[in-house]
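Residue numbers for the sequence shown follow full-length UniProt numbering, beginning at 1 and rising by one.
Heads up, the beta-carbon is just placed ideally off N, CA and C, and yes, glycines get one too.
Only a predicted model underlies this, so the values are computations on that prediction, with no experimental measurement involved.
A quick write-up on the structure given underneath.
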Amino acid sequence: MILMQINQLVKRFGADIILDNIKLEIQTDDRVAIVGRNGAGKSTLLKIMAGEMSYDEGDIHRAKEVSLGYLSQHTGLESTETIYNEMLTVFDSLIKEEQALRQMEYKMGEPNLINDPPKYQQLLNQYDQRQIDFKQNGGYQYQSDIRSVLHGMNFYEKDFDTSIHTLSGGQKTRLALAKLLLQKPDVLILDEPTNHLDIETLTWLENFLNNYPGAIVIVSHDRYFLDKTVNTVYELSRHHSKKYHGNYSYYLDQKAKDFEQELKQFDKQQSEIKKLEDFVQKNLARASTTKRAQSRRKQLEKMDKMTSPKGDEKSASFSFDINRRSGNDVLKVDDVQFSYPDEIAPVFEHLSFHVNRGDRIALVGPNGVGKTTLLKIIVGKLQATAGEIIYGAKLDIGYYDQEQTALNPQKSVLNELWDDYPMMNEKDIRTILGNFLFSGDDVLKPVHALSGGEKARLSLSKLMMEKANVLILDEPTNHLDLDSKEILEAALLDYPGTIIFVSHDRYFINEIATTIVEQSKHGSTVYLGDYDYYVEKKREMEEIDALSNNVTSEVMTKEKTNFEEDKQKKQQERKRLRRIEEIELLISDHERQIEENDQLLCEPAIFQDHEKSLTLTEENNTLTALIEQLMIEWETLHQE
């Protein structure tokens, strides 16, 4: 079923065309990624799809019954409610229905209704139907859904009563996403949903979206996330859209193949055109061949000439180099701890790992364990409260700050770089900035007017100029579009120095890292490999732990079973011995009674009384039979 269809959509800002002749289709269960450079119009298209922005030409068709949910790039949930109560507002209709069902249950217990069978049956039928509808609409699981989604977004029971207005911007963004996921619209439109999410939360979100019952449209710069979640890619380039079936990696491969094929077809046609033009030029003036030349000319005029295929738009171009080589031992983090002065609990403690020249170390771990803090300690911006960092020889450390605090917002782009290198020619500074996509009057912009992506590129240009042999990078791919990320990856892969970095971009980690250091509040674990190796190793360790727990559980169960069996055997043994004693006592009593009866039978008074003698004789016979049965049981118990 087609949920939304866009045909020949055009959007202008003033005289500038942003989107032109856009065609897009969303069907049930589609997982669509919209990709393109920064400024290509991705967020604009999402806003138009969500009905939050107008468009100039074209058509958008969406059925009235199709619900739509939209998360913008900078959305934060604003509310005076607590976290849990705000999530409950998603289910207002279910809560009201639940209250109505409770009222019906109370009414069914009223005596006057019970005494009126027709009315009671009518109410009972209504109650049954409404209860079925309530269950089908999730009435018995909405509270479980709330807890599940909040846990996935790193909010737990201890946080549920926290007022939303007291939270940070990143937390509010995660709550806005959580609330939207609970609403479960038919079409879920997400603009950079991976911002402010750590790797654990990203993994949870991927699993959630893969099982989502509706269609999803995503703009994201997280290539690993796109590979895991989407099955269709629309590329926005030069104001137009092009559709690719498959995930992000398939899109890249297919795009390269398409360009190669188009280039071959173009070259083939150009060669054919040149042959026809040469033939016309040589043969048009000859009487014997003029008709054939005229035919070729008509063929040329009718030909549908291809335009030269356009490759990728202009990309940044840069590389990192070093002034000198560092020693083999770069640095050693030895049992480092950090605490803020006004807090009792440390941010982290017992962190230890060793960095050698040429290592590419990725620090990973959930938000809040102090990864950025550790980087600031390494570069000397903060002081460890315990432990030490031992630095090697000949180190030149370059630091990329994700918050761009080293940039002066009042300077122009040109002066931000030139003031650090005043002996260079302006032409050379402009050339460097041009490699980072600052051209013409762009270099005269004040830093405070730059976008996040432009500030990131400017910071990278300054880092490149330092020629440090150790790069400390804090979220270097934040704000970069997909193309710029790939350029940065290529530059870092060719870099001859050492890299220590923090990133939530798993694709980037996989490409760059040779070692993963998993950081927690109480220590660190080193994995010698890339991100995929780290994930696989973690999975293996969890399976081993689970197996070990199962074995331990089985051993304990077996021991418990053996103990119970042994206990039962001992109980049975004691019972058997007690029964043997009881039998021996009974046999002795019965034999004594027989002996007494025999003595009575010898007395004349009893012997001459027929009835008494008969009674005693019958009693002796009964006792003898009982003794025989007891003897059989006694022998059996002795054999056991």
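- The secondary-structure analysis by DSSP pairs glutamate 235 across a beta bridge with Val35, Lys242.
- Within its own chain, the residues whose Cβ lies closer than 7 Å to the Cβ of tryptophan 204, once the five positions on either side in sequence are excluded, are Gly152, listed in chain order.
- Within a 10 Å sphere around the beta-carbon of proline 422 sit fewer than 16 other beta-carbons, which makes this residue exposed.
- The beta-carbon separation of isoleucine 199 and arginine 506, rounded to 6 Å, stays under the 8 Å limit for a contact.
- Apart from the 5 residues on each side of it in sequence, leucine 182 sits with its Cβ closer than 7 Å to the Cβ of Met87, Val90, Asp145, Ile146, Val149 in its chain, given in chain order.
- In this structure, the beta-carbon distance from valine 347 to threonine 373 falls below 9 Å.
- In terms of CA proximity to glycine 169, Gly76 leads the group Leu180, Thr229, Gly76.
- When C-alpha distances from glycine 69 are compared across Ala215, Gly14, Asp16, the shortest belongs to Ala215.
- Counting the other Cβ atoms within 10 Å of the Cβ of glutamate 611 gives fewer than 16, which makes it exposed.
- Using a 10 angstroms sphere on the CB of aspartate 16, the tally of other CB atoms stays under 16, which defines it as exposed.
- Annotated three-state conformation of threonine 166 is helix, per DSSP.
- If you check the CB distance, glutamine 171 and valine 369 do not come in under 9 Å.
- Isoleucine 516 has its alpha-carbon roughly 26 Å from the corresponding atom of phenylalanine 155.
- Excluding sequence positions up to five before and after leucine 395, its CB lies within less than 6 Å of the CB of Ser326, Val470, all in the same chain and listed in chain order.
- Look at the beta carbons and you see the segment 110-124 not touching the segment 182-198: under three pairs across the two are nearer than 8 Å.
- Looking from the CA of histidine 221, the closest CA among Phe508, Ile164, Gln337 belongs to Phe508.
- Comparing alpha carbon positions, the residue from Ile397, Gly529, Lys485 closest to methionine 465 is Ile397.
- Distance check between lysine 257 and each of Ala285, Leu444, Pro309 places Pro309 closest, using alpha-carbon atoms only.
- Secondary structure at asparagine 356: strand, using DSSP grouped into helix, strand and coil.
- The three-state reading of DSSP puts asparagine 21 in strand, counting E and B together.
- For valine 280, the enclosing alpha helix (DSSP H) has its first and last residue at 248-283.
- Under the DSSP assignment, leucine 623 falls in the alpha helix (DSSP H) whose first and last residues are 610-639.
- Taking the Cα positions, arginine 576 is about 12 Å away from glutamate 584.
- In the DSSP assignment, asparagine 7 falls within the unbroken beta strand (DSSP E) covering 2-13.
- Note on geometry: alpha-carbon atoms of leucine 482 and arginine 37 lie some 7 Å from one another.
- Restricted to the segment 27-90, the beta strand (DSSP E) segments that are unbroken, complete and at least 3 residues in length are 31-36, 57-62, 68-71, listed in chain order.
- Annotation for lysine 332: no alpha helix (DSSP H) segment contains it, though the beta strand (DSSP E) segment containing it runs 329-338.
- For tyrosine 106, there is no enclosing beta strand (DSSP E); the enclosing alpha helix (DSSP H) has its first and last residue at 92-108.
- Around the beta carbon of proline 117, fewer than 16 other beta carbons lie within 10 angstroms, which makes this residue exposed.
- Per the DSSP secondary-structure output, valine 517 pairs in a beta bridge with Leu363, Val526.
- Under DSSP, glutamate 388 takes part in a beta bridge, and its partners are Asp334.
- Under the DSSP assignment, glycine 452 falls in the alpha helix (DSSP H) whose first and last residues are 452-466.
- For glycine 358, the CB contacts under 7 Å within the same chain, skipping 5 residues up- and downstream, are Thr498 in chain order.
- Pairwise C-beta distances place the segment 449-461 out of contact with the segment 273-291, as fewer than three of them are shorter than 8 Å.
- Every alpha helix (DSSP H) of 4 residues or more that sits fully in the segment 406-434 is shown, in chain order, as 413-418.
- With a 10 Å radius around the Cβ and a threshold of 16 neighbouring Cβ atoms, isoleucine 390 comes out exposed.
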